[in-house]
Amino acid sequence: MSQGVWTPAELAGRLGVSVGTLANWRWRGEGPRYVKLGSGRSSRVRYRSEDVAAWEARHAAGGESAA
1 MSQGVWTPAE
11 LAGRLGVSVG
21 TLANWRWRGE
31 GPRYVKLGSG
41 RSSRVRYRSE
51 DVAAWEARHA
61 AGGESAA
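In UniProt numbering, the protein residues as written are 1 to 67.
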C-alpha cells in the first residue's frame, strides 16, 4: 500500500479474494468504492484506504464485543 491507496492486487491479498473477484464486484457495483485513473480500458483502478475501511466496517461479521 502506498499513501493510503491500494492496487487491486494489494487489496485482493488483504481480503483473500482474487483480482478477478474485485473486477466482478466493480462490474456488479459491489465491493469497496474505487477510483479509475485515466480513461478507457487501460485506466488504472485504485482503492482508497478510507473507502476500504468503510466497506469492511459495513460487512463485518459477528456480534459486538462486550465491554
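Glycine included, C-beta positions come from ideal geometry on N, C-alpha and C. Note that this is a predicted model, so its numbers are computed, not measured.
Query                                                                                      : Result
Continuous beta strand (DSSP E) stretch holding Arg48: start and end                       : 44–48
Strand pairing of Trp6, partner residues [DSSP]                                            : Tyr47
Helix, strand or coil at Val17 [DSSP, three-state]                                         : coil
When Arg41, Arg14, Tyr47 are compared against Pro32, the one with the closest alpha-carbon : Tyr47
Exposed unless 16 or more other CB atoms sit within 10 angstroms - verdict on Leu22        : buried
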